[in-house]
Structures are given as C-alpha cells and as structure tokens.
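S.K.: Quick one: the structure is below, questions incoming.
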Amino acid sequence: MCNKPAVVILSQWFAPAYEAGGPVVSLLNLVQNISKDVPVFVIAGNKQPSGRLINEEENSLKDFELRNVHIVRGSGFIFILRSILKLWNKPYHFTWYYNDIFMLTWFIFPRFLQTFSRRSGENQILATRGMLLTGALSQKALKKKLYLWFYSLYQYWFPVRYHFTSENERLAAQVRIGAPFYFEFPNLGPKVGLLPQKEKEANRLRIGIVGRIHPIKNLSWIFDVIMNLPEELQGKLCIYFFGNVEDVLYYRSLRERVDEFHNLDVKFHGGFTPIELEKIYQKFDVLCCPSLSENYGQSIAQALAWGIPVIASENTPWEGLEEANAGFTIDPSNTQGYEDRIIRYLEIGGEDWERLRYNVIKFAQSKFNFNEQIQAYRDMFGISENNNQGNL
Numbered sequence: 294m295c296n297k298p299a300v301v302i303l304s305q306w307f308a309p310a311y312e313a314g315g316p317v318v319s320l321l322n323l324v325q326n327i328s329k330d331v332p333v334f335v336i337a338g339n340k341q342p343s344g345r346l347i348n349e350e351e352n353s354l355k356d357f358e359l360r361n362v363h364i365v366r367g368s369g370f371i372f373i374l375r376s377i378l379k380l381w382n383k384p385y386h387f388t389w390y391y392n393d394i395f396m397l398t399w400f401i402f403p404r405f406l407q408t409f410s411r412r413s414g415e416n417q418i419l420a421t422r423g424m425l426l427t428g429a430l431s432q433k434a435l436k437k438k439l440y441l442w443f444y445s446l447y448q449y450w451f452p453v454r455y456h457f458t459s460e461n462e463r464l465a466a467q468v469r470i471g472a473p474f475y476f477e478f479p480n481l482g483p484k485v486g487l488l489p490q491k492e493k494e495a496n497r498l499r500i501g502i503v504g505r506i507h508p509i510k511n512l513s514w515i516f517d518v519i520m521n522l523p524e525e526l527q528g529k530l531c532i533y534f535f536g537n538v539e540d541v542l543y544y545r546s547l548r549e550r551v552d553e554f555h556n557l558d559v560k561f562h563g564g565f566t567p568i569e570l571e572k573i574y575q576k577f578d579v580l581c582c583p584s585l586s587e588n589y590g591q592s593i594a595q596a597l598a599w600g601i602p603v604i605a606s607e608n609t610p611w612e613g614l615e616e617a618n619a620g621f622t623i624d625p626s627n628t629q630g631y632e633d634r635i636i637r638y639l640e641i642g643g644e645d646w647e648r649l650r651y652n653v654i655k656f657a658q659s660k661f662n663f664n665e666q667i668q669a670y671r672d673m674f675g676i677s678e679n680n681n682q683g684n685l
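Next comes the structure, spelled out in structure tokens:
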C-alpha cells in the first residue's frame with residue numbers, strides 16, 4: 294500500500310443504468326471530473342432497474358471521456374468480495390464512496406469487510422442521496438424503518454463519514470441516524486450556457502417534465518392543474534414527458550388521464566441518455582418538477598443552466614427562483630398557484646421571454662461555481678493540487 298490516492302465508488306446503479314434517473318447522471322459527471330486527478334475504480338451493478346442486463350455496447354460508455362476509470366459490473370456478495378479483494382492488492386490509498394444506504398450488498402457488506410482488512414484506516418464515505426428525506430421514506434415505509442433501526446446500531450461499530458448535498462438532507466439524516474461526521478456541499482452542477490431554442494410565441498407554451506414515471510414524482514399533478522384551465526387555454530399547451538417507465542400501472546393511469554382532455558397535446562418520449570439531453574431540452578419552454586421528494590433535482594439544475602425557467606415543488610431544494618425571476622417553487626397541493634404561473638408563462642413571448650431566460654442564466658451562474666464544487670470533492674477524497682492521475 295502507498296500514499297498515492299485513488300477513489301473507489303460502489304453503486305448498484307451507474308451509467309448506463311439511466312433508468313435509475315438523475316443520480317446516475319450525477320455520479321457519471323463526478324467520475325468524469327475526478328478521474329482527471331486520480332484513478333477511479335467503480336464497482337457497479339450489471340442490470341437496469343427494470344432487470345434488463347446491461348449489454349456490451351452500452352457498457353463501453355464510448356460517448357464519454359472516462360480516462361483513468363476502471364469499471365467492473367456484477368451482482369451478489371461473491372462479486373463484491375472478489376472485486377474488493379482485487380482492489381486491496383492495488384498500490385493506492387483509497388477513499389471508499391458508497392451510494393446505497395439501504396443495500397446490504399452495496400454498502401453494509403463492503404463496509405464490514407473494510408474493518409477487518411489492512412485498509413481499515415482508509416476513508417469511508419456514504420452519500421445518502423436523499424434516501425432519508427420524508428418523501429423517499431414514505432415508499433416501503435415499514436421495511437425502511439426497521440432497517441434504520443438496525444443501521445443505527447451498525448454505524449457505531451462500522452462508522453462512516455456522510456456526504457450531504459443540502460442542509461435539508463443533513464437535518465433529515467441527523468434526526469434519523471445521528472450522522473455526527475459529515476461533509477455538506479452540493480452535487481457537481483452542469484455547465485452554464487444559453488441553450489439555442491425555437492423562439493417562444495406568446496400564448497403558446499411547451500411544458501417539459503423530465504424524470505422517472507413513478508408516483509413519487511407526482512406526475513399526475515400536471516393534469517389536475519390543467520383540468521382547471523379553460524379549454525381554450527388547454528389547447529395552447531403541449532406537455533412532454535421524458536423518462537423511463539418504472540411503475541407500469543402508474544404510467545397507464547397517466548395515459549388514461551390524457552383521455553380526459555379534448556385538445557391538450559401530450560407526448561410520452563420514454564427514456565434517454567445524457568448525450569440526448571440537449572436535444573430533449575430544446576423541445577420545451579418551461580420545466581415542471583412537481584416531485585413529492587427531491588434531494589437535488591438533476592433535471593432542474595440542467596434546465597436552469599440552459600436558461601429554461603422552472604416551476605418546481607417545494608419538496609425540492611431549489612430556493613430563490615421567484616426572487617431571481619428564474620421560476621417558482623410552490624406547494625404541490627396549491628393547484629391554483631401552479632395555474633397562475635402556467636398562465637403567466639403562456640402569455641409571455643418574444644423579447645420578454647428572452648429577458649426571462651437571461652435572468653435564469655444569471656441565477657444559474659450564482660449557483661453553479663464549478664471550481665468551488667470540484668475542489669470540495671477533491672478535499673473530501675483527499676486529492677491535492679499536485680496529485681496527477683496515476684495509471685490503473
């Protein structure tokens with residue numbers, strides 16, 4: 294073992310498992326940037342959330358610059374054990390970065406192994422990724438409650454430092470598991486720049502909703518809101534859904550809701566990869582995110598970075614949108630509030646719309662300081678300025 298640093302990332306879902314949503318894109322962004330400084334070893338699952346195996350063509354990730362990155366894929370305790378044993382023979386001082394607090398295979402077991410190895414003194418960091426927020430815990434609530442009781446005991450014997458991306462995430466975690474040792478800084482933000490788009494016409498509005506098709510995303514909300522608008526206004530709207538179908542029954546219920554409208558244009562586009570993001574975001578004028586629980590909101594960050602106004606739920610961490618004239622955050626139960634905002638954006642066009650987009654860009658520039666954010670990750674991973682990437 295030597296002092297040259299390297300990072301090990303353990304995650305059940307890693308690119309190209311895009312069915313898992315924004316966290317996969319966020320983790321890929323992190324790996325792309327951190328690997329410019331040090332070697333990165335990724336231990337990841339070999340399936341999409343739907344259960345489909347990731348094929349060789351997908352696994353190549355040929356569209357991304359992943360120099361100095363080594364990825365192994367598999368499943369089960371034996372796979373994890375073999376992967377970690379191989380890493381123990383590498384001449385690096387590792388930081389271990391876990392991403393699945395509720396997974397025995399991907400967190401509890403590998404963290405347990407570290408304690409009984411000669412690498413027991415290496416940094417152990419757990420990113421909770423919003424999994425301890427109230428909305429996330431409402432899914433499979435009893436199972437998670439029992440698990441957290443077990444984990445509250447486990448962490449005393451096998452401690453980690455936590456990585457929280459917001460104050461809300463930290464406070465929620467500290468209520469439930471204590472989490473005395475932590476880092477707190479946001480995910481790496483996207484690059485900021487005005488996205489070329491079709492000119493926005495007054496009295497026409499294209500609304501984009503980007504995310505998994507799942508009840509926690511509260512997607513049926515858009516139909517509840519639009520149902521209260523006059524039919525004349527409904528005909529001036531177009532709704533685009535982009536995201537993998539995670540809950541088939543919920544997806545069917547959304548399709549049935551479409552039939553309630555006579556002249557509302559609704560399109561479901563299915564899943565996508567990060568390479569397609571620019572083309573996708575060019576299709577709409579406004580992003581709506583009515584989610585019941587959102588730790589970061591990758592879709593929101595991307596919209597803001599490209600100058601697209603956002604109408605978001607208060608269950609996201611994005612504050613100050615209205616004050617900056619970059620969008621709105623509203624209680625999901627306040628349908629009247631959403632109606633008013635949609636009508637407001639519907640009526641704007643031309644130069645007024647372009648001024649609005651520049652306000653969004655200014656807001657994004659105030660939020661996404663890439664140099665500060667990447668330095669926070671370097672500090673957490675123990676990477677110094679003069680550390681060049683070694684070889685794998």
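Mind the numbering: the sequence shown is residues 294 to 685 in the numbering used here, read in order.
Just so you know, even glycine gets a beta-carbon here, dropped at the ideal spot from N, CA and C.
Keep in mind it's a predicted model, so treat the numbers as computed, not measured.
(1) Identify the continuous beta strand (DSSP E) that holds G620 and give its terminal residues.
(2) Three Cβ pairs or more, each shorter than 8 Å: is that satisfied between the stretch 445-455 and the stretch 425-433?
(3) Below 8 Å CB to CB, which residues in the same chain sit around Y447 once its five sequence neighbours on both sides are set aside?
(4) Spatial neighbours of K529 within its chain, please: C-beta separation below 8 Å, excluding the five flanking residues on both sides.
(5) So within the stretch 432-520, which uninterrupted alpha helix (DSSP H) runs reach at least 4 residues, ignoring any that extend past its ends?
(6) When you compare each of H507, R360 and S586 to V335 by their alpha carbons, which one comes out closest?
(7) Can you find the residues in the same chain that come closer than 8 Å, C-beta to C-beta, to N681, ignoring five residues on each side of it along the sequence?
(8) For L425, tell me which candidate among F409, T458 and S413 has the shortest Cα-Cα distance.
(9) From which residue to which residue does the beta strand (DSSP E) around G643 run?
(10) Tell me the residue span of the alpha helix (DSSP H) that contains Y311.
(11) Figure out for me which residue from N416, Y589 and L585 has the closest Cα to the Cα of P508.
(12) Go ahead and label D249 buried or exposed: buried means 16 or more other beta carbons lie within 10 angstroms of its beta carbon, across all protein chains shown.
(13) Kindly list the residues whose CB is nearer than 7 Å to the CB of N326, restricted to its own chain and excluding five residues on each side of it in sequence; keep chain order.
(14) Pull up the distance between the alpha-carbon of N684 and that of L439, whole angstroms please.
(15) According to DSSP, is Y385 helix, strand or coil?
(16) How big is the Cα-Cα spacing for L575 and P567?
M.R.: Quick look at the numbers:
(1) Position 327 of the sequence shown holds residue 620. Run containing G620: G620 to I623, per the beta strand (DSSP E) assignment.
(2) In this structure the stretch 445-455 does not touch the stretch 425-433; the number of beta carbon pairs closer than 8 Å is below three.
(3) On the sequence shown, residue 447 is found 154 positions in, with the first residue counted as 1. Here the set comprises I401.
(4) As a first step, residue 529 must be located in the sequence shown, where it is residue number 236. Excluding residues within five positions, the ones whose Cβ falls inside 8 Å are N496, R497, L498 and L639.
(5) Here the runs fully enclosed are 434-450, 460-470 and 514-520.
(6) Residue mapping note: residue 335 aligns to position 42 of the sequence shown, counting from 1. Nearest C-alpha to V335: R360.
(7) In the sequence shown, residue 681 corresponds to position 388, counting from 1. Note that N681 scores 44 on pLDDT, short of 50, meaning its location in the model is unreliable and no value can be drawn from it.
(8) By 1-based counting over the sequence shown, the position of residue 425 is 132. Here the closest residue by C-alpha is T458.
(9) Numbered from its first residue, the sequence shown carries residue 643 at position 350. Note, G643: premise wrong, no beta strand (DSSP E); alpha helix (DSSP H) at G643 to K660.
(10) Here residue 311 refers to the residue found at position 18 of the sequence shown. Annotation for Y311: no alpha helix (DSSP H) segment contains it, and DSSP assigns it neither H nor E.
(11) The residue you call residue 508 lines up with position 215 of the sequence shown. Each of N416, Y589 and L585 was checked against the Cα of P508, and the nearest Cα belongs to L585.
(12) Residue numbering for the chain in the displayed model covers 294 to 685; residue 249 lies beyond these limits and cannot be assessed.
(13) Looking up residue 326 in the sequence shown gives position 33. The answer, listed in chain order, is L481 and I667.
(14) Position 391 of the sequence shown, counted from the start, is the residue given in the question as residue 684. Position 146 of the sequence shown, counted from the start, is the residue given in the question as residue 439. Confidence at N684 is low in this model, with a pLDDT of 39, below 50, so its placement is unreliable and the value that follows should be read with caution. Cα to Cα, N684 sits roughly 43 Å from L439.
(15) Reading the sequence shown from its first residue, position 92 is the one you call residue 385. Correct three-state label for Y385: coil.
(16) Here residue 575 corresponds to residue number 282 of the sequence shown, with the count starting at 1. Here residue 567 corresponds to residue number 274 of the sequence shown, with the count starting at 1. According to the sequence shown, residue 575 is Gln rather than Leu. Each residue's alpha carbon lies about 14 Å from the other.
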